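Engineer: For the sequence shown, my numbering assigns the number 25 to the initial residue and increments by one for each residue that follows.
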Amino acid sequence: MEVVQTARMVLSRVTADDLDAVHEIHSDPRTSVYHPGGPITDIESSRAMLGLWLDDWDERGLGYWAARPRDSQHVLGFGGLRHAVVDGRHVLNLYYRFRPSAWGNGYALELARAALDVGRNLGTVVAVIRDINEPSRRVAERAGMRRERTIPYGGLPSDLYVA
């Protein structure tokens with residue numbers, strides 16, 4: 025689904041116009057505390073990431089959304105489902121990352137629940153979460169996912185959550 029409305033947000037297919045927001049959010053050290061590579065440091069890396077997301081939509085009809093309040097065009101964050109191979113399995117990977125100004129308002133949980141609804145009949149939905157990323161773990165658990173096991177991911181131990 026290219027556009028999903030939740031109680032407070034419009035989740036819409038990312039576009040090339042989202043590049044500045046992708047870079048702002050992913051270059052902020054606060055949003056990358058648990059990312060093994062740290063924050064993105066240059067706009068070209070953000071452009072490449074967004075390019076992969078755009079390709080997902082074009083090639084697979086599913087990908088990450090830009091999350092905006094219902095009454096604004098301001099991007100709060102990004103997330104949704106993306107086809108991936110995780111631990112040797114073809115799955116739908118659940119992802120969510122929001123601006124620090126949006127933290128603590130339940131937006132990640134709202135997005136995660138919407139993504140799980142969309143993915144329910146499309147395949148196995150997983151979230152790979154660093155074992156030390158307690159905020160993300162709480163979102164996954166509150167959305168109804170369960171921790172299956174710890175796997176090496178990106179060279180670090182990460183918990184595999186399954187819907």
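All C-beta atoms, glycine included, are put in the ideal place defined by N, C-alpha and C. Since we're looking at a predicted model, the values are computed, not measured.
Should ALA136 and VAL115 be called a contact, given that it needs their Cβ atoms to be closer than 9 Å?
Structural biologist: Here residue 136 refers to the residue found at position 112 of the sequence shown. Here residue 115 refers to the residue found at position 91 of the sequence shown. Not a contact, by the Cβ cut-off of 9 Å.
Engineer: With a CB to CB cut of under 8 Å and the five nearest residues on each side skipped, what residues in its chain are close to GLU158?
Structural biologist: By 1-based counting over the sequence shown, the position of residue 158 is 134. Counting only Cβ-Cβ distances below 8 Å, and skipping sequence neighbours, we find nothing.
Engineer: Assuming contact is defined by CB atoms lying nearer than 9 Å, are ARG71 and GLY101 in contact in what I supplied?
Structural biologist: Along the sequence shown, one-based indexing puts residue 71 at 47. Along the sequence shown, one-based indexing puts residue 101 at 77. Against a cut-off of 9 Å, the Cβ pair of GLY101 and ARG71 comes out as no contact.
Engineer: Between the beta-carbon of VAL34 and the beta-carbon of ALA108, is there less than 9 Å?
Structural biologist: Here the question's residue 34 lines up with position 10 in the sequence shown. Here the question's residue 108 lines up with position 84 in the sequence shown. No; because the gap between Cβ atoms is not below 9 Å, this pair is not in contact.
Engineer: What is the rounded straight-line gap between the Cα of TRP81 and the Cα of LEU105?
Structural biologist: Within the sequence shown, the letter at position 57 stands for residue 81. Within the sequence shown, the letter at position 81 stands for residue 105. Answer to the nearest angstrom: the Cα atoms are 10 Å apart.
Engineer: Take ILE156 and list the residues in its own chain whose beta-carbon comes closer than 7 Å to its own, dropping the five residues that flank it on each side.
Structural biologist: Here residue 156 refers to the residue found at position 132 of the sequence shown. Counting only Cβ-Cβ distances below 7 Å, and skipping sequence neighbours, we find TYR58.
Engineer: Out of PRO60, ASP95 and VAL186, which one is the CA nearest neighbour of GLY143?
Structural biologist: Reading the sequence shown from its first residue, position 119 is the one you call residue 143. Closest option to GLY143, Cα to Cα, is VAL186.
Engineer: Helix, strand or coil: which one does DSSP assign to GLU172?
Structural biologist: For the purposes of this step, residue 172 is identified with residue 148 of the sequence shown, where counting begins at 1. GLU172: strand per DSSP, three-state reduction.
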